[in-house]
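K.L.:
Line by line, the protein sequences give chains F, L, E and X. Per this note's numbering, the first sequence starts with residue 153, numbered consecutively. Per this note's numbering, the second sequence starts with residue 153, numbered consecutively. Per this note's numbering, the third sequence starts with residue 16, numbered consecutively. Per this note's numbering, the fourth sequence starts with residue 16, numbered consecutively. Just so you know, even glycine gets a beta-carbon here, dropped at the ideal spot from N, CA and C. Here you go, one structure.
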Amino acid sequence: MGYLELDVKIGRKLKALQENAREFGMEVVRPAGVELDRLHDPAEVIAEGSVLWDVFKQFRETGLHKLMIPRAFGGTMGTMPSLAATLLNEQMGYADGGLAISLLVSCMPFAFAIMSPEAEVRNWAREYVEDTGANMVGCWAITEPEHGTDWIMGVSKAGSDPRLAPELTAVKKGDEYILNGQKAAWVSNGTIATHAVLHVGLDQSMGIHGSGIALCPLDLPGISRGAPLNKLGQRPLNQGEIIFKDVKLHKKYMLIPISGFFGANTFGLTFLGMANSSMGATFSGQAQASLDEALTFAKNNTREGLLLAEQEDVKLKLFRMFTRVEAARLFSRKVSDHFFSKTSGPVSSLGSSFRATFWMLGKALQSYYNLYEKHDSVRNFSKRFMNPKKASDLMEWGKYGVASKITATETAYDVAVDAFQIFGEKALSSEYPIGKMLRDARASLIEDGVNDALAMASYEGI
Amino acid sequence: MGYLELDVKIGRKLKALQENAREFGMEVVRPAGVELDRLHDPAEVIAEGSVLWDVFKQFRETGLHKLMIPRAFGGTMGTMPSLAATLLNEQMGYADGGLAISLLVSCMPFAFAIMSPEAEVRNWAREYVEDTGANMVGCWAITEPEHGTDWIMGVSKAGSDPRLAPELTAVKKGDEYILNGQKAAWVSNGTIATHAVLHVGLDQSMGIHGSGIALCPLDLPGISRGAPLNKLGQRPLNQGEIIFKDVKLHKKYMLIPISGFFGANTFGLTFLGMANSSMGATFSGQAQASLDEALTFAKNNTREGLLLAEQEDVKLKLFRMFTRVEAARLFSRKVSDHFFSKTSGPVSSLGSSFRATFWMLGKALQSYYNLYEKHDSVRNFSKRFMNPKKASDLMEWGKYGVASKITATETAYDVAVDAFQIFGEKALSSEYPIGKMLRDARASLIEDGVNDALAMASYEGI
Amino acid sequence: MTYLDIDIHKNKESKAMLKEVDKFTREVMRPAGIELDKLSDPADVIEENSLLWEVLKAFRALDLHQIDIPKDLGGMSDLDWMTSLLIKERMGHADAGLAIGMMASNLPFQCAATSKSPVLQQIVRDYCEDRECRMIGCWAPMEVVQKSGGSTTGNNSSRKSPVKAVPNKNRLILNGELIKISNATIATHALISFEFEVSGQTEGSGVAMVPLDLPGVSRGTPLNKIGQRTLNQATIIFQNVEIPVEYMLAKDDSVVNEMSRLLNVGTNLNLGIVFAGLSLAAFDEALNYSKMRIQGGGPIFSHRNIKLQLFKMFAMVESVRANARRLANYASENPNSPSEAHGAAAKYLATETAINISSEAIQIFGGNGLAKEYPLEKIFRDAQTSLVEYGVNDVMAIKSANHL
Amino acid sequence: MTYLDIDIHKNKESKAMLKEVDKFTREVMRPAGIELDKLSDPADVIEENSLLWEVLKAFRALDLHQIDIPKDLGGMSDLDWMTSLLIKERMGHADAGLAIGMMASNLPFQCAATSKSPVLQQIVRDYCEDRECRMIGCWAPMEVVQKSGGSTTGNNSSRKSPVKAVPNKNRLILNGELIKISNATIATHALISFEFEVSGQTEGSGVAMVPLDLPGVSRGTPLNKIGQRTLNQATIIFQNVEIPVEYMLAKDDSVVNEMSRLLNVGTNLNLGIVFAGLSLAAFDEALNYSKMRIQGGGPIFSHRNIKLQLFKMFAMVESVRANARRLANYASENPNSPSEAHGAAAKYLATETAINISSEAIQIFGGNGLAKEYPLEKIFRDAQTSLVEYGVNDVMAIKSANHL
């Protein structure tokens, strides 16, 4: 149990982070997850006084939430080696698959905010860093009732089909966008979020490719929420619909106001890859948790008078579980490491210490948008540039994030099924967490995209 | 096709090696493998004038055979980054699974020779480096007709059973050992080798644990060979029995003359892990070859008038193959890298430049053997030291080598089966290499140990 | 669905009956199962006003509790094997937990019907007439004495039953505890095996029917399980429970062994049928959904990868159904020489398939597959539970390999 | 093996016959298959002195070439479905390639027996009497016209046959090329489908029996394959081959379609049976070996992980066998409403299982599993070949999903 750290890159700083995250995970997150999982009605999970809020608050107190925010905004991004976020995700997944996703997603709008041309929006990042009361909770709202897989396939050529146009549309009127439509019940943190990374349809004729991205405060008039989703696994993770009726959203909140960005190009796939590589890390950690439970159980329980861990079929099963878990984790590490070490070299680390960097970035982006809208040549150049065939290494990377998610989640599920069998009849009892871990892992095969759909969407580059 | 090199550690030197190995692999090894595979009688593979000998000679001419020999003996070990051998194995596996093993094994006795207390034996390493005529060919002779899996399980506690005692025994008489018994038909390079790493039974009462290791010239009187093994896959790889009848072997050739070394301890498992991590690299390369063949085929052939690569079921299959291949290769890399970077730091790299280092090592080993034989306390201390529970990280590493082999070979086989189906009826034709690749991969699931047995043998540490 | 039903089923009379059964399973069992599954406290499942009782009564209204009991005792034993199998398969299709509960209720009475004891025969008659569910059966699995496989000693291991019986004149005094018994809390009669205890020594074994209203019988609280939540399970405790010897069905090791063997193969076959039914249910749901759900501008069924996935599911489900049919046919022709290996294989393969197919079906449903509003997540939990039900699959497989 | 045979098989007469068949498959077919597989040149397999002819003659000595041909034409059509299935399964158990070759030889004559044409009926009579293997059949698979599945157009795609037939008075003139035909080099008669070509236009299709000694018929060299090397396969070329119209079995699209559909399901079922037989052979070999091979001081069967592995193999093999039986039973009761989905599923599952089981069996054998001295590596190659035989499995599955 436990494992030999094959990763030679993990030094003192990362070890401390790992230890910190593990302690928080096992002392706070794991027991909370077990408790929340037992609640019959998912509304109880998010009720006042629910242990969920303790998890959120204590997470902020550890400061681990700052990892995705640059130094310029009070975060710790850039001060830590590139593997930091991956190791954090592993430990949170180890503690509780559902809560790991909830905590991860809760930072998304604020991590995106730093790219905004608007100082007000950029400042969300700092507010988030300082919000130890967990009053700011983010979500990532993409999936829609009639468009689940469609959004995934949206990154491929197929996404240009107008029949796939988003249900949630944003129509520009003066300085505002008018939002109508809804996001599906699978939006994580959907009914508790205060801010959303929100994908909206700008040009319906372009299908999914015609969508842009808003950073949307969720307290605007016209926004309502569905009931929390009642589901098989990851029950501590709040999910639910967000409904928009004639919502007026000021244009300053539209982070990507041009359509065609999230399309059959490397941007969409890189986006998908980033989200999925986090899933890869989280569920390689979750897989490890099932393995460790099975090992502990096998070493402490007998079958027909013989220790389980001494029986040949159990030994074989355990070693094969071990093999899968190690391969999944090390693959996920390698994939994340490549991305982060390319994006967070010493220069960007230094640059991210200064707010001016982000001011300049925002300005540059805004100018680009203006040019893009006005000049065909800029638009065509952009499309060529973002074509996978001409893209750089980094841009080709997206499919690896997807491969990592597929590998880790399928490992987590298969390992949980095997562990379930090692527990035997005791697997049914709520005394042991393996039944829950199995349900949590099962959900991951669909979370962030049905695995087969992710594979189809990422196919082009191979 | 081809892949994004996620490994950030691969610099200029390694890239050049990779390129060199790939060129040799695709121009010499791949076509030779296809030709040798077609020969009906495996005796033709090793006949005079067979293209096999061209492969051996040209391999030596590239100098790639020096990678496993330290600088002090004219080799390049220590001059290259730690991933070098892994990358070489990948490329050779990519070219031809069977020949890759043949070339890899052919250096074993000479790589081991440097640890010998005898100057004469140590000098084999230099002779091998200089032997561009491929007159010296090594083999690794462990497996026996009645003890296949027994040798694998030998590294676990189960190996102390006297019923598992080796068929090949070495009885000491004066300055000589008298060898009787035989090695099985699965010894790679068995009928062509000139030298062997030879596992012999020293103390039959200790089962497999009572074995020692000799470095044995194979031209001694009393040694004979069986007919080359006729088999399903990896047909270019010569395999066959070596039979010993009253063979007199001078004690200077006995590298490990004390029994108990290759036992239920970390030495045996590290040994197993080293061999198996090479298999992991080789067959992650072989898996990539099947994937590449399938991709090329899918992009150039139609089914019902539509390009295969455009059909949903084929796309999904290909992406999932890609996922498995990437995970297997990166896992194998990480596993090898850990071992080599711990064993070949700057100090050992420098040390390996001087012959005196090896002279001293040899002397130290000899003194240890003497003490071990004479004093119970030394023996007991050694056993405790080699116990997995007290061992260092490195000593715990063996099971990762095994995990890497299991992952890579099962990936290679599954990917080949999927590729076979993509080729459809054309898979049956000898025009395409996929049938051969499938057979080669199938053999790897058993090579160096049946995968399940390897798992059982390595279980203890997890 | 357009795929053909390829069962050979010629009995016209039973076809009419199957139509009734089909209606019962679709209109009563399945909806009740969905509601009962939602109850957070398993005690609510067996409550007085629970839907459970409607299901049980509807089951009895169709005389399905009389299956495999001879006519002269009020039963319906002339059912052909295919009809009997189709009934169980439909029940598994509707709700595996309820199906298992109802079959478990019948079993003790089916066994008692083989006895010559007038007392037991009367109990059987009463059961057949009871459509108000005043009588409910339960039973405890009995270990078949195994020759220790592969070993050279060849000794029989001795039977182990958690219940001991001390003979006392014409009565037996029972003590012991039986865990995870289906129907335990609601049952009125239990079929159990026990070891005789004479002056502190155990010698030989027996089987008896025990009325559960006797003094000294108590039950544990209903188990809270991940799946098959519609199936009541609990512990039964016997504390100096006295039964007359007339309640014994067997009192000889070899007879007990024979009975255990038959019960074991029969139960495995029944589970094989139920989970073939559950697998078919999961497949049917997935196939229907794939033809209705629009993504990429058309039904997802139109995609070649989805077709491939569904066809593979179809092939496997049909194979598992065929497997159960072959064994059921054999068992009906050879009631006294059961094939233990095939029984175990039927349970093993059907439950493994149930898990795989329901998991694949969830993937076809995407996010909806996980949501409680849709049927699949329950089917998946029910299937998952079967993996460790009536013996953990791997353990059973390893034991059963001794018959190869 | 100690596992029970659970087939219900009551016909005493056919039991005697099966004993003979069993002897033939074990003592003649299997050893011959092993020898023929070793020949490096596939032309040697069909050479005058090849063992192949001994196998074919022994097959005919048992009248097995008369199966499914009516008695009045000299055949033996009253075989019950179970006997017929068991014969094919034993043949698949012995050597899949030879089994397929012999079944392929029978098929054209079985089809011709349905014709009223006296010429064809005489050919059938001659075949039934021919125990010297002077007459050998072969046939080319016919595409069933598929409604394009899931599409809204609903159009039938038009039939495509590589052979064109120009009617000329009472004769047809054939031109075209048929590839990968089993028995192609040794066959004397071929059953083929063709498209009529009238003044350069194709209109409608037909089926005919073509004697292969006519001028204009030529054959390619025998194919060199990875597995099923005992099965002769090659190309047949027709160049202005003239046949009398009496050789036609069908000349109407709907009849041809019906025939194709029946042939297709029948062939898939036969392949399902043959590869169930091959799977059983691989399992039997593994089970025997596991009880004989000593490692760790005892037979490897004594290890729990090996028992588990073998039991899983057993469960799957028996399920695939049951699957073929269910469909064979249905097909015999409903000869005119074939289930295409089930036919494809039978071939799909049996061949996938054959590959998996033979691969697992190799693992049980360890190194010996790969060596040519032992039987498994050949069984594995034969199985692997079936994956792309008579349609690539995935492609067939995707097509057949349209029947779901």
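#1: Can you confirm whether the stretch 512-520 of chain L touches the stretch 456-467 of chain L when touching is taken to mean that 3 or more C-beta pairs between the two stretches lie within less than 8 Å?
#2: Where in the stretch 206-255 of chain X do unbroken runs of the alpha helix (DSSP H), each at least 4 residues long, occur, reported from the N-terminal end onward?
#3: Skipping 5 residues on each side, what residues in its chain have a beta carbon closer than 7 Å to that of residue 225 of chain L?
#4: Taking only three categories from DSSP, how would you classify residue 549 of chain L?
#5: Is residue 246 of chain F close to chain L, meaning its C-beta is less than 8 Å from at least one C-beta of that chain?
#6: Cβ of residue 525 of chain L less than 8 Å from any chain E Cβ?
#7: How would you write the range of the alpha helix (DSSP H) that residue 48 of chain E sits in, first residue to last?
#8: If we count Cβ pairs, one from each stretch, closer than 8 Å, do we get three or more for the stretch 384-399 of chain F versus the stretch 325-332 of chain F?
#9: Can you give me the start and stop residues for the beta strand (DSSP E) that residue 363 of chain L sits inside?
#10: Keeping to the same chain, check which residues put their C-beta closer than 7 Å to that of residue 241 of chain E; ignore five residues upstream and five downstream.
#11: Please report the distance separating the alpha-carbon of residue 301 of chain F from that of residue 603 of chain F.
#12: Quick one: is residue 171 of chain E buried, meaning 16 or more other Cβ sit within 10 Å of its Cβ, or exposed?
#13: Residue 245 of chain F and residue 433 of chain F - do their beta-carbons sit closer together than 8 Å?
#14: State buried or exposed for residue 323 of chain L, treating a residue as buried only when at least 16 other CB atoms are found within 10 Å of its CB.
#15: Tell me whether residue 698 of chain L sits in a helix, a strand or coil according to DSSP, three-state version.
#16: Taking the straight line between their C-alpha atoms, what separation do you get for residue 408 of chain X and residue 473 of chain L?
#17: Could you tell me whether any Cβ in chain F is nearer than 8 Å to the Cβ of residue 310 of chain E?
#18: Give the residues of chain F in contact with residue 320 of chain X, contact being defined as C-beta atoms less than 8 Å apart.
#19: Does the distance from the C-beta atom of residue 362 of chain L to that of residue 317 of chain L stay below 8 Å?
#20: From L:190, L:435, L:310, L:203, pick the residue whose C-alpha is nearest to that of residue 311 of chain X; which is it?
#21: Is any beta-carbon of chain F found at less than 8 Å from that of residue 301 of chain E?
#22: If I follow the unbroken alpha helix (DSSP H) through residue 276 of chain L, where does it start and stop?
#23: Secondary structure at residue 506 of chain L, three-state DSSP: helix, strand or coil?
#24: Determine the extent of the alpha helix (DSSP H) in which residue 57 of chain X is found, giving its start and end residues.
#25: Which residues of chain F have a Cβ atom closer than 9 Å to the Cβ of residue 200 of chain E, listed in chain order?
#26: Going by beta carbon distance, what residues of the same chain come within less than 8 Å of residue 60 of chain X, once the five residues before and after it are set aside?
#27: Please look up how many angstroms separate the CB atoms of residue 258 of chain F and residue 390 of chain F, rounded, as I've assumed it's under 8 Å.
#28: Any beta carbon of chain E sitting closer than 8 Å to that of residue 418 of chain X?
#29: Can you tell me whether residue 376 of chain L is helix, strand or coil according to DSSP?
#30: State yes or no: is the beta carbon of residue 303 of chain L nearer than 8 Å to at least one beta carbon in chain F?
#31: Report yes if the CB atom of residue 239 of chain L is closer than 8 Å to the CB atom of residue 158 of chain L, and no otherwise.
#32: Beta-carbon of residue 325 of chain X versus every beta-carbon of chain E: anything under 8 Å?
#33: Could you tell me whether the Cβ of residue 602 of chain F comes closer than 8 Å to any Cβ of chain L?
#34: Within its chain, find whatever has a CB closer than 7 Å to the CB of residue 105 of chain X; leave out the 5 residues flanking it on each side and keep chain order.
#35: Among the residues of its own chain, which have a CB less than 6 Å from the CB of residue 404 of chain L, if the five just before and after it don't count?
#36: Could you check if residue 308 of chain L is buried or exposed, using at least 16 other CB atoms within 10 Å of its CB as the buried criterion?
P.N.:
In this structure, then:
#1: No, the stretch 456-467 of chain L is not in contact with the stretch 512-520 of chain L.
#2: none
#3: Translated into positions along the second sequence, residue 225 of chain L becomes position 73. Contacts found: 266, 277, 278, 281.
#4: Locating residue 549 of chain L in the second sequence gives position 397, counting from the first residue. In this structure, residue 549 of chain L counts as coil in the three-state DSSP scheme.
#5: Residue 246 of chain F sits at position 94 when you count from the first residue of the first sequence. No, because no Cβ of chain L sits closer than 8 Å to the Cβ of residue 246 of chain F.
#6: To locate residue 525 of chain L, count along the second sequence from 1; it is residue 373. Chain E contact via Cβ: absent.
#7: As a position in the third sequence, residue 48 of chain E is number 33, starting the count at 1. Here the alpha helix (DSSP H) through residue 48 of chain E covers 45-53.
#8: yes
#9: The count along the second sequence starts at 1 and reaches residue 363 of chain L at position 211. It spans 363-369 - the beta strand (DSSP E) in which residue 363 of chain L sits, taken as one unbroken run.
#10: The count along the third sequence starts at 1 and reaches residue 241 of chain E at position 226. So the qualifying residues of the chain are 396, 399, 400.
#11: Residue numbering aside, residue 301 of chain F sits at position 149 when the first sequence is read from its first letter. Residue numbering aside, residue 603 of chain F sits at position 451 when the first sequence is read from its first letter. C-alpha separation (whole angstroms): 10 Å.
#12: Taking the first residue of the third sequence as position 1, residue 171 of chain E is located at position 156. Because residue 171 of chain E carries a pLDDT of 36, less than 50, the predicted location of this residue cannot be relied on, and the following value inherits that uncertainty. Burial check for residue 171 of chain E: the Cβ neighbour count within 10 Å stays below 16, so the residue is exposed.
#13: As a first step, residue 433 of chain F is located in the first sequence; it is residue number 281 there, counting from the start. As a first step, residue 245 of chain F is located in the first sequence; it is residue number 93 there, counting from the start. Yes. Within cutoff.
#14: Looking up residue 323 of chain L in the second sequence gives position 171. Exposed, because fewer than 16 other Cβ atoms sit within 10 Å of the Cβ of residue 323 of chain L.
#15: In the structure as shown, chain L starts at 153 and stops at 614, and residue 698 of chain L therefore has no counterpart that could be examined.
#16: Indexing the fourth sequence from 1 puts residue 408 of chain X at position 393. Indexing the second sequence from 1 puts residue 473 of chain L at position 321. In this structure, the alpha-carbon of residue 408 of chain X lies about 18 Å from that of residue 473 of chain L.
#17: Along the third sequence, one-based indexing puts residue 310 of chain E at 295. Yes, its Cβ sits closer than 8 Å to a Cβ of chain F.
#18: As a first step, residue 320 of chain X is located in the fourth sequence; it is residue number 305 there, counting from the start. What residue 320 of chain X touches in chain F: 464, 465, 467, 468.
#19: Looking up residue 362 of chain L in the second sequence gives position 210. Looking up residue 317 of chain L in the second sequence gives position 165. Contact: yes.
#20: By one-based count along the fourth sequence, residue 311 of chain X stands at place 296. Cα-wise, what sits closest to residue 311 of chain X is L:310.
#21: The count along the third sequence starts at 1 and reaches residue 301 of chain E at position 286. No - not a single Cβ of chain F is within 8 Å of the one on residue 301 of chain E.
#22: For this step, residue 276 of chain L is matched to residue 124 along the second sequence. Residue 276 of chain L -> alpha helix (DSSP H) spans 276-282.
#23: Position 354 of the second sequence, counted from the start, is the residue given in the question as residue 506 of chain L. Correct three-state label for residue 506 of chain L: coil.
#24: Here the question's residue 57 of chain X lines up with position 42 in the fourth sequence. Residue 57 of chain X -> alpha helix (DSSP H) spans 57-60.
#25: Here the question's residue 200 of chain E lines up with position 185 in the third sequence. The contacting residues do not exist; residue 200 of chain E stays about 17 Å from chain F at best.
#26: Residue numbering aside, residue 60 of chain X sits at position 45 when the fourth sequence is read from its first letter. Hits under 8 Å: 51, 54, 67, 237, 244, 245, 247.
#27: Taking the first residue of the first sequence as 1, we reach residue 258 of chain F at position 106. Taking the first residue of the first sequence as 1, we reach residue 390 of chain F at position 238. Rounded, the Cβ-Cβ distance is 10 Å, inconsistent with contact.
#28: Walking along the fourth sequence from the start, residue 418 of chain X turns up at place 403. Answer yes: the Cβ-Cβ gap between residue 418 of chain X and chain E drops below 8 Å somewhere.
#29: Here residue 376 of chain L refers to the residue found at position 224 when the second sequence is read from its first residue. Three-state DSSP puts residue 376 of chain L in a strand.
#30: One-based indexing of the second sequence puts residue 303 of chain L at position 151. Judged by the 8 Å Cβ criterion, residue 303 of chain L is not in contact with chain F.
#31: Position 87 of the second sequence, counted from the start, is the residue given in the question as residue 239 of chain L. Position 6 of the second sequence, counted from the start, is the residue given in the question as residue 158 of chain L. Their beta carbons are not under 8 Å apart, which means residue 239 of chain L does not touch residue 158 of chain L by this criterion.
#32: Against the fourth sequence, residue 325 of chain X aligns to sequence position 310. So yes, residue 325 of chain X belongs to the interface.
#33: Residue mapping note: residue 602 of chain F aligns to position 450 of the first sequence, counting from 1. Chain L has no Cβ within less than 8 Å of the Cβ of residue 602 of chain F.
#34: What you label residue 105 of chain X is simply residue 90 of the fourth sequence in a count that begins at 1. Result list for residue 105 of chain X: 36, 37, 40, 292, in chain order.
#35: Locating residue 404 of chain L in the second sequence gives position 252, counting from the first residue. So the qualifying residues of the chain are 270.
#36: Here residue 308 of chain L is taken as the residue at index 156 of the second sequence, counted from 1. Buried, by the Cβ-count rule.
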